[in-house]
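Visitor:
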Amino acid sequence: MLAGIVALVGFPLIVPQLAGRFGSLFGHLGLVVGRSTPEYMLAYILLQIFGPSMLPAVLALGLHNGAIIAHLLGRQSEGLYAALRPDAPHGLNFYAWEMVPRLYGNFLALCFYRWEIIMRESPIVGLQGVATLGFYIDNAIAEIRADRAIFLLLLTVLATIGIDALSRTLRGLLAVDRVRSL
Numbered sequence: 046m047l048a049g050i051v052a053l054v055g056f057p058l059i060v061p062q063l064a065g066r067f068g069s070l071f072g073h074l075g076l077v078v079g080r081s082t083p084e085y086m087l088a089y090i091l092l093q094i095f096g097p098s099m100l101p102a103v104l105a106l107g108l109h110n111g112a113i114i115a116h117l118l119g120r121q122s123e124g125l126y127a128a129l130r131p132d133a134p135h136g137l138n139f140y141a142w143e144m145v146p147r148l149y150g151n152f153l154a155l156c157f158y159r160w161e162i163i164m165r166e167s168p169i170v171g172l173q174g175v176a177t178l179g180f181y182i183d184n185a186i187a188e189i190r191a192d193r194a195i196f197l198l199l200l201t202v203l204a205t206i207g208i209d210a211l212s213r214t215l216r217g218l219l220a221v222d223r224v225r226s227l
């Protein structure tokens, strides 16, 4: 959910018609930093700030993946403004009534795709001490409890397969099977 919010707020920051010429440069800079900073590094920094809880992992995965989705949506929306009529809305109306509806199918497809990736990345973030499934797998291995570690690994694999199947089903039902060009 956080990744989707970051994407919806972030992608207009790189559209010059909404953010202005200099604003879009700063928007590009912010999204480049957000998507190029590895989520485990971001989780480590947030772990130092917030302490050991689930919050650093959620924020790190949401910010990183949201920046990736925002960048992709912003790139898709570059030619959208030029294709509109001269009396098309501007500013917030352009964003709310032209951009978001036209990009919503692509937004959903990207969110479902990144949801699968977030699920696969969360155990890796847990190896840093953040209380995710990876944290418990790491503890089981440290305590030489192979049965528990294998069970948790299988649970992770089954959860990933389940999310992949659910994501594929939802994409089919919503007719957003793949990202379309505008």
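All residue numbers for the sequence shown refer to the working numbering, where the first residue is 46 and numbers rise by one. Glycine included, every Cβ here is placed at the ideal spot set by N, Cα and C.
1. Leaving aside the five residues before and after GLY79 along the sequence, list all residues of the same chain whose C-beta is less than 7 Å from its C-beta, in chain order.
2. How far does the alpha helix (DSSP H) with HIS109 in it reach, from first residue to last?
3. Would GLY49 count as contacting chain E if we go by Cβ distances under 9 Å?
4. Going by DSSP in three states, HIS135 sits in which element: helix, strand or coil?
5. Where does PHE56 land, buried or exposed, given buried means 16+ other C-beta within 10 angstroms?
6. Tell me which same chain residues have a C-beta within less than 6 Å of the C-beta of ILE208, skipping the five on either side of it?
7. DSSP three-state call for GLU188: helix, strand or coil?
8. Report back the beta-carbon spacing between ALA194 and ILE114 to the nearest angstrom; my notes put them in contact at under 8 Å.
9. Excluding the 5 residues preceding and the 5 following PHE157 in the sequence, name in chain order all residues of the same chain whose CB lies nearer than 7 Å to its CB.
10. Which of helix, strand or coil does DSSP assign to TYR130?
11. If the criterion is Cβ atoms closer than 9 Å, does the pair LEU87 and LEU104 meet it?
12. Below 8 Å, how does it come out for the stretch 64-82 and the stretch 147-155: are there three or more Cβ pairs, yes or no?
Guide: In this structure, then:
1. Within the sequence shown, numbered from 1, the residue matching residue 79 stands at position 34. Counting only Cβ-Cβ distances below 7 Å, and skipping sequence neighbours, we find LEU108, HIS109, ALA112.
2. Residue mapping note: residue 109 aligns to position 64 of the sequence shown, counting from 1. Judged by DSSP secondary structure, HIS109 falls within the alpha helix (DSSP H) whose first and last residues are 100-121.
3. Among the chains in the structure shown there is no chain E, since it carries only a single protein chain.
4. For this step, residue 135 is matched to residue 90 along the sequence shown. Coil at HIS135, not helix or strand.
5. In the sequence shown, the residue the question calls residue 56 occupies position 11. Buried.
6. Here residue 208 refers to the residue found at position 163 of the sequence shown. Non-local C-beta neighbours of ILE208 in its own chain, meaning closer than 6 Å and more than five positions away in sequence, comprise GLU161, MET164, ordered along the chain.
7. Along the sequence shown, one-based indexing puts residue 188 at 143. Shown here, GLU188 sits in coil according to DSSP, grouped into three states, outside any helix or strand.
8. Residue numbering aside, residue 194 sits at position 149 when the sequence shown is read from its first letter. Residue numbering aside, residue 114 sits at position 69 when the sequence shown is read from its first letter. In fact, because the Cβ distance is near 33 Å, the residues do not count as touching under 8 Å.
9. On the sequence shown, residue 157 is found 112 positions in, with the first residue counted as 1. Correct list, in chain order: SER212, LEU215, ARG216.
10. Stepping through the sequence shown from its first residue, residue 130 is reached at position 85. Note on residue identity: the sequence assigns Arg, not Tyr, to residue 130. It is coil, neither helix nor strand.
11. The residue you call residue 87 lines up with position 42 of the sequence shown. The residue you call residue 104 lines up with position 59 of the sequence shown. Judged by their CB atoms, LEU87 and LEU104 are nearer to each other than the 9 Å cut-off.
12. These segments do not touch.
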